[in-house]
Every structure is written in C-alpha cells, then in structure tokens.
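Colleague:
2 protein chains.
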Amino acid sequence: MNHEIRIFTEAQIRAAVALDLETVNVTEEAFTALAAGTVIMPPILSMELAEAHGEVDVKTAYLAGRESFALKVSTGFYNNAALGISSLNGLMILFSARTGLVEAVMLDNGFLTDLRTAAAGAVAARALAPQNVETACVFGTGLQARMQIEAAHLVRPFSKVLVWGRDRKKAEACAADIAKAINVEARAESDPAKAVEAAQLVITTTPAREPILKAGWLHPGLHITAMGSDMALKQELEAEVLTAADLYVCDRVSQCEALGELRPARAKGLMSGITPPELGQVLNGTHAGRTSETEITVCDLTGTGAQDTVIATHVNGILENSGTVIRA
Amino acid sequence: MNHEIRIFTEAQIRAAVALDLETVNVTEEAFTALAAGTVIMPPILSMELAEAHGEVDVKTAYLAGRESFALKVSTGFYNNAALGISSLNGLMILFSARTGLVEAVMLDNGFLTDLRTAAAGAVAARALAPQNVETACVFGTGLQARMQIEAAHLVRPFSKVLVWGRDRKKAEACAADIAKAINVEARAESDPAKAVEAAQLVITTTPAREPILKAGWLHPGLHITAMGSDMALKQELEAEVLTAADLYVCDRVSQCEALGELRPARAKGLMSGITPPELGQVLNGTHAGRTSETEITVCDLTGTGAQDTVIATHVNGILENSGTVIRA
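First to last, the sequence lines map onto chains X and A. Residues 196 to 523 in the working numbering are what the first sequence spells out, letter by letter. Residues 196 to 523 in the working numbering are what the second sequence spells out, letter by letter.
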C-alpha cells in the first residue's frame with residue numbers, strides 16, 4: 196500500500212518539544228485516560244540479550260477516540276558507555292488507529308521516553324506532593340535524576356535540591372547541573388537518610404536491586420516518587436515504605452506488581468489483597484489524593500505505553516509537515 | 196546518538212528478494228537456530244483494537260552470533276478492504292545486537308511477513324511432505340493461499356492444484372492465478388474432503404475458528420501444513436488430526452499451544468503430556484521426520500520472530516548501501 200510515511204530525527208523532535216508544562220499536561224492525559232478505562236494497553240514485551248548486556252522493551256497503547264497509536268521500542272545496552280554511545284536508545288512508530296498503516300517513524304534514540312518519563316514525575320508531584328516543597332531530593336545521578344528534578348520544579352518551585360548517589364563525584368556533578376539548569380541551591384548529600392529528612396519531595400531514579408530508601412526515614416509531609424524500578428529484580432523502596440505511607444499510588448497496578456515496587460512488597464507478604472489506586476484515579480477524583488500537608492504519599496512509576504502514545508501523537512501534531520517523506 | 200539509519204521502502208525490498216529457493220534456505224536457518232537453542236524469542240505482544248476491527252502483533256528474536264536482530268510489527272485491520280487498502284500492513288526494524296541502535300527501518304507494509312511465512316511453508320514441505328507430490332491442495336483463497344502453493348512448488352514440483360474456499364468464485368480466481376504463476380493445472384474443488392483425498396500435500400491458510408479439515412479425511416502418504424491459526428480462537432484442523440497423524444510438528448511448541456492447532460487439541464484433552472517436536476529438530480536430525488512415503492505428517496506454523504530476524508538481516512545484506520540514509 197503506497198502511502199506517505201514521515202521520518203523524524205532526534206534533532207527535529209528535540210526542536211519540537213521540551214520539558215515544560217505543556218508536555219506535563221499532555222502526559223497527564225495518559226493517566227486520566229487509563230483511569231477512565233478507555234485505554235487498551237497490552238503487557239510489555241521484553242527481551243534480554245545477556246551476551247551484550249542488553250535489553251529491549253516494547254510498549255504500546257491505544258487510547259479510545261484517538262486517530263493514532265504509538266508503539267515504542269526502548270533498547271538498553273549497558274556496554275555502550277565503553278564505545279562512547281548512550282546506553283538507552285530506541286524509536287517510536289505512529290500507526291493509524293483506523294487502518295494500521297505506519298504514519299510516522301520517530302528516530303528519537305529514546306529522547307521521547309526520557310521526556311515522557313520525566314513529565315510523568317511532574318504529574319505525580321503535582322497530584323500528590325505537599326503544596327509547599329522547599330527542598331527536593333533525588334536518588335541517582337543520571338539523566339533522569341536531572342530531568343525528574345527539572346520536571347518537578349515546574350509544578351513545585353522548590354529552592355533547594357539534595358542529590359544522593361553511590362558515587363560522590365557523580366552526585367556533585369549532577370547537583371551542579373541541576374543548580375545551573377533551574378537556578379536553585381543544589382548539593383550532593385552523602386547520607387541518604389539526611390537527604391530524605393530534609394526534603395518534602397523525594398524522587399528515586401536508580402536501577403537499584405536492593406532497597407535504598409528505608410521506611411524508618413519517612414516523616415510527615417513527604418512525597419516520594421519511585422521511578423527507577425521498571426523490571427522484576429529492581430527495587431528502590433524498602434517494602435515497608437508502601438504500607439507505612441498514608442497513600443501508595445501506581446501508574447498501572449498490573450505493571451507495578453510485575454515490575455515496580457509493588458512486586459517485592461507483595462513477595463514479602465505486604466499489600467496482599469490490596470489493590471492500590473492508580474495515578475489517573477487521583478487525577479480524576481475517583482480516589483482521594485493527599486488530604487493534608489502532613490500526609491506521606493508514594494507514587495510508583497513503571498512507565499506506560501499510554502504515555503508513549505500521547506507524547507508521540509503530540510509531537511506528530513507539532514511536526515506535521517516537516518520530516519522526510521517516504522512513499523512506501 | 197547521531198548515527199546513520201537506512202530507510203527501505205516496500206518497492207526497494209520487493210526488488211531485492213523474491214519467493215525463491217534462496218529465501219526458503221534463509222528462512223530454514225530460523226528453524227535450525229531455534230532447534231539449536233541459541234535463539235532468544237520472547238512471547239508475542241498482541242493488541243486488539245476491536246472498534247476498528249484491528250489487531251497488532253509484535254515479534255522479535257535474537258539469534259546468537261548475529262550482528263543484528265529484527266523487531267516486526269504486523270497490523271491487521273479488517274475494515275481496510277472497504278477503503279481499498281490491504282488489511283495487513285506493518286514494518287520491520289533492524290537493531291544492532293551489540294549496541295541496540297536502530298540500523299534500518301523496513302517499510303515493507305507486511306511484504307516480508309508474507310514472504311517468510313510462505314517460505315516457512317516450503318521449509319515444512321521440503322522436510323516433511325512425501326517425495327512424490329503430484330497434487331497439492333490449498334484451503335483458503337487469499338494471498339497466502341497463492342504464495343504457499345508457489346513456495347511449496349519450489350520444493351515439490353507438483354503438476355496439479357486443488358483450491359477449496361467457502362466462496363467458489365474466489366477459489367476459482369485463486370486457482371487461475373496459481374495456474375498462471377507456476378504453470379500447473381489448477382482448479383477449484385467445492386468438496387474439501389475430495390480435495391484432501393486427491394492430494395499428497397495440503398496447506399491450510401484460513402482464519403477459520405471451527406475445524407475445516409476433518410481427521411476422517413486423512414489418508415496414507417499425506418502431509419498437511421496448517422498456517423492459518425496464529426491466535427487463540429482460530430482452528431483449522433479437527434483436534435483428532437494431530438493424534439491420527441504419524442507425526443505432528445510445531446514451528447515453536449510454546450506458540451502452537453497458545454495460538455496454533457495444539458491449543459484446541461489440548462483443550463479437548465488430546466496431546467496431554469506430549470511435547471511435540473519442533474520443525475528445527477526434524478531439520479537437524481535430532482527428531483525423526485517422515486520415515487516412509489505412506490506416513491501422515493502435520494506441521495503447525497504460527498510464525499516466529501526468528502523468521503523475521505533472518506529475513507530482515509538477509510534483505511539488509513542485499514540492500515546494504517541503498518535506501519534513504521537518515522542521520523538521527
């Protein structure tokens with residue numbers, strides 16, 4: 196079937212969208228649609244290439260009424276650093292939801308995944324964090340540590356940031372980047388307990404396989420977003436964090452119990468028989484969110500195909516007539 | 196990560212590969228690799244868009260030692276005919292198995308799927324059909340009916356073809372196309388039992404949800420390849436066909452028991468406790484194939500990601516320096 200397909204490059208996509216409130220609002224639509232029950236979202240396809248220390252994840256979702264749906268392939272190849280190549284790559288493909296024809300190929304090398312992941316953190320912070328956040332804390336020192344803080348700052352304009360990471364030098368570099376990017380006071384903090392103690396908003400962005408945030412550190416008026424765990428074996432929060440919090444919210448329960456913090460909690464016999472609310476239910480008011488400044492809330496983000504579809508259709512709408520047109 | 200990605204169109208791909216013995220041999224490599232246990236092949240991702248009468252399937256596989264792996268998205272949107280568009284579309288993406296970077300995007304609109312599916316039929320016929328096939332029979336009147344017969348003819352040069360389909364006119368058109376394509380005597384046969392009776396090789400290519408080929412029709416010296424069933428609910432062979440045959444072979448057992456003819460057979464209590472051999476085991480001699488001209492053999496093809504990887508890497512090798520180069 197000879198038809199027009201648009202090819203967009205990472206540079207074109209980066210010129211079209213940024214980590215701003217518009218992107219946060221677009222990303223929020225994914226969660227409200229999930230809560231409305233109008234999303235078809237199959238389980239994630241995963242393949243591990245142990246030889247190359249690589250993994251491949253495929254996500255997709257159809258949001259009822261939309262003209263297009265995206266399918267996203269994320270690759271993570273952890274020997275790439277030695278080759279001077281980013282570990283995370285991939286692309287998104289936009290299909291017509293009416294005919295199944297390919298409409299656009301977004302050669303974003305994972306940029307849109309980074310963007311919609313950070314934007315989801317802002318959606319969670321806006322919905323659940325205390326109104327007054329003076330100090331934010333981030334665990335992890337990679338790209339998402341920077342982007343999550345930048346995104347959260349859009350909705351909670353904190354003035355101080357503490358960065359904890361296993362590598363002090365990397366934490367300092369991350370803090371310096373954050374200070375520069377959003378004009379806040381940012382520094383590395385070697386003691387994770389102290390970092391949490393000082394913060395009203397904590398975001399965990401690590402690939403930890405053992406809990407790095409303990410339940411004993413929780414304090415009134417705290418919101419935690421855990422976005423590092425996106426596969427079985429990963430865990431950032433001590434399981435008791437989920438039960439000690441006043442409210443624990445999933446992006447998607449079926450994903451959090453397979454890939455997120457709910458998996459190790461259930462394995463430990465906690466949260467059994469409990470179906471946590473989803474972020475979209477808090478957003479649309481069908482489940483209460485934070486009810487006071489002193490509550491403790493936790494949001495578990497594993498990343499959904501619905502986010503991919505909303506960001507890809509958004510970008511496609513902006514780029515519309517640009518890109519390379521291929522007739523195929 | 197700025198790197199070169201090649202975009203190939205359906206026309207370029209069609210000019211590069213055809214349904215010939217080379218394609219059959221390339222496809223065979225998928226099955227021998229599966230049997231060697233050197234393939235990583237996750238379960239298929241499927242999404243149904245009931246509103247649009249559409250479905251999306253994603254397959255992928257990594258064959259150890261290969262530099263690239265493919266990920267294939269197939270779309271089937273069954274209202275397309277009314278729009279004058281083919282129902283089946285999709286694309287393949289080739290990734291580096293070392294870095295995860297996208298190497299090529301094959302905008303084939305499903306052509307390579309058609310090709311490797313038909314080629315697998317030839318692999319099965321070459322491995323399992325009687326040496327002397329005078330008459331072949333095909334159930335179904337669509338593109339795969341034509342292609343499967345054309346592919347099988349490469350390995351078993353039969354002189355007669357019988358076509359059975361629910362729609363007599365379509366069966367006649369299909370027979371006429373086949374007669375012209377491979378220069379054989381071909382005609383429609385309204386009675387499926389008679390069609391099977393006259394044939395030494397039967398290929399079923401329909402989306403049937405009730406058995407269309409009965410166990411009572413089996414006769415000595417018959418090979419059946421059932422390739423229509425690729426999702427739960429579909430079934431072409433009466434369950435007893437599997438047990439009545441001397442040999443029942445799967446392309447991949449885990450897929451056939453979820454999506455192929457093994458699913459309804461097991462549901463009926465047949466084949467319980469039996470793990471059938473896979474086609475690759477027959478090919479590499481670790482499981483006996485047909486041992487006489489009079490045996491009855493059955494091969495169940497659901498379509499594997501391994502086939503997608505071998506055909507995509509083959510095409511990429513041929514097209515190498517052509518296509519549109521995008522730096523992204």
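All residues carry an ideal CB built from backbone N, CA and C; glycine is no exception. Note that the structure is a prediction, hence the values are computed from the model and not measured.
1. With 7 Å as the C-beta to C-beta threshold (strictly closer), list the residues of the region 281–306 of chain A near chain X in chain order.
2. Cα separation between residue 189 of chain X and residue 334 of chain A?
3. Can we say the region 238–247 of chain A touches the region 317–335 of chain A, given the rule of at least three CB pairs closer than 8 Å?
4. How would you list, in chain order, the residues of chain X whose beta-carbon sits under 7 Å from the beta-carbon of residue 249 of chain A?
5. Name the DSSP beta bridge partners of residue 306 of chain X, please?
6. Taking Cβ positions only, does residue 232 of chain X come closer than 8 Å to chain A?
7. Please confirm whether residue 212 of chain X and residue 204 of chain X have their CB atoms less than 8 Å apart.
8. Quick check on this structure: which residue in A/514, A/297 and A/270 has the alpha carbon closest to the alpha carbon of residue 297 of chain X?
9. What did DSSP end up calling residue 401 of chain X once you bin it into helix, strand or coil?
10. Could you tell me which chain X residues have their CB closer than 7 Å to the CB of residue 308 of chain A, listed as they occur along the chain?
11. Comparing the C-beta of residue 275 of chain A with each C-beta of chain X, is any distance below 8 Å?
12. Since residue 272 of chain X and residue 497 of chain A are thought to touch, with beta carbons under 8 Å apart, how far apart are those beta carbons, to the nearest angstrom?
13. Using the DSSP secondary-structure output, state which residues sit across from residue 242 of chain X in a beta bridge.
14. Are the beta-carbon atoms of residue 432 of chain A and residue 390 of chain A separated by less than 8 Å?
15. Rounded to whole angstroms, what is the Cα-Cα separation between residue 306 of chain X and residue 504 of chain A?
16. Tell me, please, whether the CB atom of residue 522 of chain A is closer than 8 Å to any CB atom in chain X?
17. On the three-state DSSP scale, how would you describe residue 212 of chain X?
18. Is it right to say residue 386 of chain A is buried, meaning 16 or more other beta carbons lie within 10 angstroms of its own, or is it exposed?
19. For residue 345 of chain X, which three-state DSSP category applies?
20. Going by C-alpha distance, which of X/441, X/450, X/515 and X/500 is nearest residue 488 of chain X?
21. Say whether chain D places a C-beta atom closer than 8 Å to the C-beta of residue 255 of chain A.
22. From the DSSP output, in three-state form, read off residue 519 of chain X for me.
23. Closer than 8 Å, Cβ to Cβ, to anything on chain A: give me those residues from the region 506–519 of chain X, in chain order.
24. Entirely within the region 278–337 of chain X and at least 4 residues each: give me those alpha helix (DSSP H) ranges in chain order.
25. My output table needs one value for residue 529 of chain A: the three-state DSSP class, helix, strand or coil.
26. Give a yes or no on whether the minimum CB-CB distance between residue 499 of chain A and chain X is below 8 Å.
27. If the cut is a Cβ gap below 7 Å, which residues of chain A does residue 205 of chain X touch?
28. With 8 Å as the threshold, decide whether the Cβ of residue 271 of chain A is near any Cβ in chain X.
29. Consider the Cβ of residue 202 of chain A: report whether some Cβ of chain X lies at a distance smaller than 8 Å.
30. At a cut of 8 Å, does the region 406–413 of chain X reach the region 373–381 of chain X through at least three beta carbon pairs?
31. Going along the region 328–348 of chain A in order, which residues come within less than 9 Å of chain X, judged by CB to CB distance?
32. Over the uninterrupted alpha helix (DSSP H) stretch that includes residue 435 of chain X, give me the two end residues.
33. Contact criterion: CB-CB distance below 8 Å. Does residue 244 of chain X meet it with respect to chain A?
34. Looking only at C-alpha atoms, which of X/491, X/353 and X/475 sits nearest to residue 411 of chain X?
35. Evaluate the contact criterion for the region 475–489 of chain X versus the region 280–287 of chain X: three or more CB pairs, one atom per stretch, below 8 Å.
36. Please work out which residues of its chain come closer than 6 Å, Cβ to Cβ, to residue 523 of chain A, disregarding the five sequence neighbours upstream and downstream, and give them in chain order.
Modeller: Answer, in terms of the structure:
1. For the region 281–306 of chain A, which is checked against every Cβ of chain X, the residues closer than 7 Å are 281, 284, 286, 288, 290, 292, 293, 294, 295, 296, 297, 300, 302 and 304.
2. There is no way to answer for residue 189 of chain X, as the model of chain X reaches only from 196 to 523.
3. No: the two stretches stay apart, fewer than three of their Cβ pairs being nearer than 8 Å.
4. Within chain X, the C-beta atoms nearer than 7 Å to that of residue 249 of chain A come from 295, in chain order.
5. Beta-bridge pairing links residue 306 of chain X to no other residue.
6. Cβ-Cβ to chain A under 8 Å: no for residue 232 of chain X.
7. Not a contact, by the Cβ cut-off of 8 Å.
8. Each of A/514, A/297 and A/270 was checked against the Cα of residue 297 of chain X, and the nearest Cα belongs to A/270.
9. Residue 401 of chain X sits in coil when the DSSP states are folded into three classes, being neither helix nor strand.
10. Here the premise fails: no neighbours, minimum Cβ distance about 13 Å.
11. Yes, contact with chain X.
12. The Cβ separation is near 29 Å, so there is no contact.
13. For residue 242 of chain X, which the question treats as bridged, DSSP gives the partners X/251.
14. Residue 390 of chain A sits away from residue 432 of chain A, with the two beta carbons spaced by 8 Å or more.
15. Taking the straight line from one Cα to the other gives about 26 Å.
16. Answer yes: the Cβ-Cβ gap between residue 522 of chain A and chain X drops below 8 Å somewhere.
17. Coil.
18. The residue is exposed, with fewer than 16 neighbouring Cβ atoms inside 10 Å.
19. Helix at residue 345 of chain X.
20. Minimum Cα distance to residue 488 of chain X is reached at X/441.
21. Included in the structure are the protein chains X and A, with no chain D among them.
22. In the displayed model, residue 519 of chain X falls within a strand according to three-state DSSP.
23. Cβ proximity to chain A below 8 Å picks out 519 from the region 506–519 of chain X.
24. Given a length threshold of 4 residues, each whole run of the alpha helix (DSSP H) inside the region 278–337 of chain X is given here in chain order: 306–323.
25. This structure gives no information on residue 529 of chain A, because the portion of chain A shown stretches from 196 to 523.
26. No, because no Cβ of chain X sits closer than 8 Å to the Cβ of residue 499 of chain A.
27. The answer, in chain order, is 523.
28. Between residue 271 of chain A and chain X, the shortest Cβ-Cβ separation is below 8 Å.
29. Under the Cβ criterion of 8 Å, residue 202 of chain A is counted among the residues facing chain X.
30. Contact fails: fewer than three Cβ-Cβ distances are below 8 Å.
31. Result list empty, no residue passes.
32. Start and end: 434–439.
33. True, the Cβ-Cβ gap to chain A drops below 8 Å.
34. Minimum Cα distance to residue 411 of chain X is reached at X/491.
35. Judged by Cβ distances under 8 Å, the region 475–489 of chain X makes no contact with the region 280–287 of chain X, as fewer than three pairs qualify.
36. Here the set comprises 200.
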